[in-house]
Every structure is written in C-alpha cells, then in structure tokens.
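Peer 1: Below are the structure tokens for one structure; questions will follow.
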Amino acid sequence: MEKALNDAKPRIERAVNEARPRVEKALNEARPHVEQAVNQARPRAEQAAKQAWQYTQEHEDDIKRAALRGARMKVRGPFAFVFDALQSGFSAPTPAGVQCPSCQTSNEAHARFCAQCGARLNDQEDPQAG
Ligand SMILES: [Zn+2]
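Numbering that gives the first Met the number 0 applies: residue 0 is where the sequence shown begins, and numbers increase by one.
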C-alpha cells in the first residue's frame, strides 16, 4: 500500500505543477476583463452619484418641503408650529414674482393686484383682463 502511495505522489505533484500555470494563466487572462468591467462601471457610478447630488441641489427646497411635510405629520403639540413656520419660510415669494409698477412692491407671480397699493398687475400677460 505504501508503495502505491509513493508511486502516486510524483504523479499528483506533477498534475498540480501542470495545472498551476493554467490556473495562473486563467487568472491573468481574467484580470484585465475584471479591471475593464470595473473601469467601465466607474464613470457610470460616478455620473449617477453626480446626478443624484445635482438633483438634491436643484430640488433642495422641494426635498426640504417634502421632508418637513413628512416630519410635520409626525409632530403634534407644542412643536408643530415650528414646522409650520419653517415650511412657510421655504414657500415665501421668489424673485419670479411681479413688481408693482406703481409702488415697486414685490408681489407673487400669480397676483392680479398689488398687495400694497391695489394697482393692477400682469395686465399684458392676462388675455382675459379688461
Ligand atoms: Zn403697488
């Protein structure tokens, strides 16, 4: 029996030694494919991250409003008014509003009359006016 093992040993070692370069070759051949896949995926991942970041930047107020709306529903009692105040702060009139030609007060874009002096606004933009 021992002789059989001793006879088999060199055959096993030879088989391992013969297989090793094939395994290493396969690994070496696979490596550029893996690196290529990683390199191809990286810009897409970076772009997706960039787009997500850009979206949060562009929709910062929307996201804050949505977050506040969600938070507001969970908050009851004495702290609720804080969320109401914050929320109205984010929806304050923007520079996109309309300035009164008479008193230069900034009114909301959809306003038809000046909140300050009552002068008519948006005359040219409203075909229904008159
Ligand atoms: Zn006015």
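Yeah, the Cβ is synthetic: ideal placement off N, Cα and C, and Gly gets one too. What you are looking at is a predicted structure, and each value in this text was computed from that prediction instead of being measured.
#1: When DSSP labels each residue in this structure, what does R111 get in the three-state scheme?
#2: Along the chain, where does the alpha helix (DSSP H) that runs through A7 open and close?
#3: Is Q115 near ligand 1, with its Cβ less than 6 Å from a heavy atom?
#4: Going along the chain, which residues of its own chain have a beta-carbon closer than 7 Å to the beta-carbon of C113, five neighbours each way excluded?
#5: Cβ of S101 within 6 Å of any heavy atom in ligand 1?
#6: Say the cut is 6 Å; is the CB of T104 nearer than that to a heavy atom of ligand 1?
#7: Once you ignore the five residues that flank V22 on each side, which residues in its own chain have a CB closer than 7 Å to its CB?
#8: Using beta-carbon positions only, say whether G96 and A108 come within less than 7 Å of one another.
Peer 2: Checking against the coordinates, here is how it stands:
#1: Along the sequence shown, read from residue 1 onward, the residue named residue 111 stands at position 112. Of the three classes helix, strand and coil, the one that applies to R111 here is coil, per DSSP.
#2: By one-based count along the sequence shown, residue 7 stands at place 8. Element bounds for A7: 1-57.
#3: The residue given as residue 115 occupies position 116 in the sequence shown. Yes; taking the cut-off as 6 Å, the Cβ of Q115 has a heavy atom of ligand 1 nearer than that.
#4: As a position in the sequence shown, residue 113 is number 114, starting the count at 1. Closer than 7 Å at the Cβ level, and outside the excluded window around C113, lie C99, S101, C102, T104, N106, L120.
#5: Taking the first residue of the sequence shown as position 1, residue 101 is located at position 102. Flag set: Cβ of S101 near ligand 1.
#6: Indexing the sequence shown from 1 puts residue 104 at position 105. Yes - ligand 1 has a heavy atom lying nearer than 6 Å to the Cβ of T104.
#7: Your numbering for residue 22 matches position 23 in the sequence shown. Result list for V22: empty, nothing under 7 Å.
#8: Here residue 96 refers to the residue found at position 97 of the sequence shown. Here residue 108 refers to the residue found at position 109 of the sequence shown. Their beta carbons are under 7 Å apart, which means G96 touches A108 by this criterion.
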